[in-house]
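Residue numbers (the numbering used here), protein chains in the order written: chain F, 378 to 462; chain V, 378 to 462; chain Z, 11 to 163; chain A, 11 to 163.
Idealized CB from N, CA, C, for every residue including glycine.
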Amino acid sequence: MSTRLLYFAWVKEKTGIAAEEVELPRDVTTVAELIVWLKTRGPEFAHAFARSDVIRAAIDWTHVRHDTRIGAAREIAFFPPITGG
Amino acid sequence: MSTRLLYFAWVKEKTGIAAEEVELPRDVTTVAELIVWLKTRGPEFAHAFARSDVIRAAIDWTHVRHDTRIGAAREIAFFPPITGG
Amino acid sequence: MIRVQQEDFDIGTEVARLRTGRSDIGAIVAFVGVVRNRAGAVEEMTLEHYPGMTEAELQRIEAEASSRWPLQASLIVHRYGKLRPNDNIMLVVTASEHREAAFRAAEFLIDYLKTRAPFWKCESGRQGSRWVEADVRDDASTARWDDAKDAAE
Amino acid sequence: MIRVQQEDFDIGTEVARLRTGRSDIGAIVAFVGVVRNRAGAVEEMTLEHYPGMTEAELQRIEAEASSRWPLQASLIVHRYGKLRPNDNIMLVVTASEHREAAFRAAEFLIDYLKTRAPFWKCESGRQGSRWVEADVRDDASTARWDDAKDAAE
């Protein structure tokens, strides 16, 4: 089963991708592990996720912490801290 | 020199007067003394100022306490607690 | 700016006028007080005021707010005369660079206005008419700003 | 009610729509966030957002406000896309019987929205463009509501 990954704001600019469908490796079970794996996918991903502590994540439209288990997530988004309002 | 007295809301309804020019007796020097004197001017004034503790006063467009000296006041107003806004 | 008037006001027009030609405003807070029909008992509300002193008090209150917060603009409009349920009573608008100042100043203006601007409400309905009694909570709401000032000194 | 849109909104129209046909509203608070031209350096601001999640978050925030305060009505409108100095960014309106609930709920909605609704601002001007950094004060402003809730429990 593939998972939809979304990138916003400067995370999107750095990865060069807004959205993609990926098959996650079996050993990626948390958001933190997903970030570690994403960083291995090329220099632009390594760059985008270099300061992984400031990256925020959402699973299926809900904010989550990096230690959250991915479970049956259909859509996972990565973005900088929010600056709306 | 005469002083202009104004009455508002239920103070006006009870005195039956909105505004009047009066010569204040020489021994009336504070707002409290003025209220005591006003109460002697007839049953409607005695009634209007019966609960003198809830009556508010203003001298020349400024809120004052009952112990304020009248001084050279040109306009003194009496009214219930404010209920605007 | 302050205005005391019988006519209604339009919120959109007032806010638009306040911000015209400025690009230093980041936050606008508008408050509208409305005649509420408590349990359907109020058919009409008459607002009496003290012409002259009302304007003087509103100006003092507005000046005090401007001295406490960095406001780009502010407006108080208060109506008098006969009003009906759902009619506007008053409008307060504050504009600042940041929302915190705009919110605090708007609340300050309303709290002060409620205990210092000489207006009196008389409600009429099927059971006759009565002068609305002052709400002691309004005095408490005003007093909190004195405390805040003392604490800051 | 919540809306996410590119078009501008009219404050007067939105407030009028919210109160139509009601006579139980005593207080309306409206907040407008505006693009501020910091030192004349901002020519354009682009607001990116996360369609789907934005609406979901705004709905959650509005539901939370309604569960905390007795609101007669509320509205959040947030724009996205290209904006210029003095343009409206967002509108929050709350209506209640009393001003206290309307003010608290409006501030709560804005504070939450600023840290939870997925919007990102990119400013452009003569010196190029840059993503606006999050203000730590916004996190503090949101956290105060958690404290308030804990204290009440």
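With respect to the 9 Å criterion, R381(F) and R451(F) are classified as neighbours on the basis of their beta carbons.
Between the C-alpha atoms of G419(F) and I453(F) there is a straight-line separation of about 19 Å.
By alpha-carbon distance to P128(Z), the top candidate from A409(V), I436(V), R428(V) is I436(V). Along the segment 58 to 70 of chain Z, the positions whose C-beta sits under 8 Å from a C-beta of chain V are E58, H59, Y60, G62, M63, A66, E67, read in chain order.
Between L123(Z) and L81(Z), the C-beta gap is not smaller than 9 Å, which leaves the two residues out of contact. At a cut-off of 9 Å between beta-carbon atoms, V142(A) makes contact with chain F.
By the neighbour-count criterion, in which 16 or more other beta carbons inside 10 Å mark a residue as buried, R126(A) falls on the buried side.
In this structure, DSSP gives F385(F) a state outside helix and strand, which the three-state scheme calls coil.
Of all alpha-carbon atoms in A112(Z), V146(Z), N96(Z), the one lying nearest the alpha-carbon of L85(Z) is that of A112(Z). In this chain, the alpha helix (DSSP H) harbouring H424(F) covers 420 to 425. Taking CB atoms only, R27(A) has no neighbour in chain Z less than 9 Å away. Note on geometry: alpha-carbon atoms of F41(A) and M63(Z) lie some 30 Å from one another. At least 9 Å separates the beta-carbon of E53(A) from that of R46(Z). For R46(Z), the neighbours in chain A by C-beta distance under 8 Å run, in chain order, S33, D34, I35, G36, E107.
By the C-beta criterion, the segment 91 to 110 of chain A is judged not to be in contact with the segment 407 to 421 of chain F, since fewer than 3 inter-stretch pairs fall below 8 Å. Taken in chain order, the complete alpha helix (DSSP H) segments of 4 or more residues contained in the segment 54 to 137 of chain A are 63 to 78, 109 to 126. Looking only at A75(A), A83(A), Y90(A), the smallest Cα-Cα distance to Q15(A) is reached by Y90(A). The beta-carbon of F422(F) is placed no less than 9 Å from the nearest beta-carbon of chain A. Using a Cβ-Cβ cut-off of 9 Å, I12(Z) does not count as an interface residue toward chain V, since no Cβ of chain V sits closer than that to its own. When the Cα atoms are used, R114(A) and I412(V) turn out to be separated by approximately 42 Å. Here P457(V) is near V431(V), since their CB atoms are less than 9 Å apart. Any Cβ of chain V closer than 9 Å to the Cβ of D148(Z) would place that residue at the interface, and such an atom is present. Judged by DSSP in its simplified three-state form, I447(V) adopts coil rather than helix or strand. Spanning the alpha carbons of S76(A) and T152(A) requires a straight line of approximately 16 Å. Rounded to the nearest whole angstrom, the C-alpha separation of R154(A) and E117(A) is 11 Å. What A449(F) touches in chain A, judged by beta-carbon distance under 9 Å, is nothing: the nearest beta carbon there is about 18 Å away.
Between the beta-carbon of T56(Z) and that of C132(Z) there is about 5 Å, and that keeps the pair under the 8 Å contact cut. Here DSSP, grouped into helix, strand and coil, assigns I35(Z) to coil. Taking CB atoms only, P402(F) has no neighbour in chain A less than 9 Å away. For E452(V), the three-state secondary structure derived from DSSP is strand. If you ignore the 5 residues before and after L28(Z), its C-beta comes within less than 7 Å of the C-beta of A83, L85, V103, A105, all in its own chain and listed in chain order. Residues of chain A with a Cβ closer than 7 Å to the Cβ of E117(Z) are, in chain order, F113. When only Cα atoms are considered, S134(A) and R48(A) end up about 12 Å apart. Taking all protein chains shown into account, G461(F) has 16 or more neighbouring C-beta atoms within 10 Å of its C-beta and is therefore buried. Between the alpha carbons of L415(F) and F426(F) lies a gap of roughly 8 Å. Bridge partners of R433(F) according to DSSP: F456(F).
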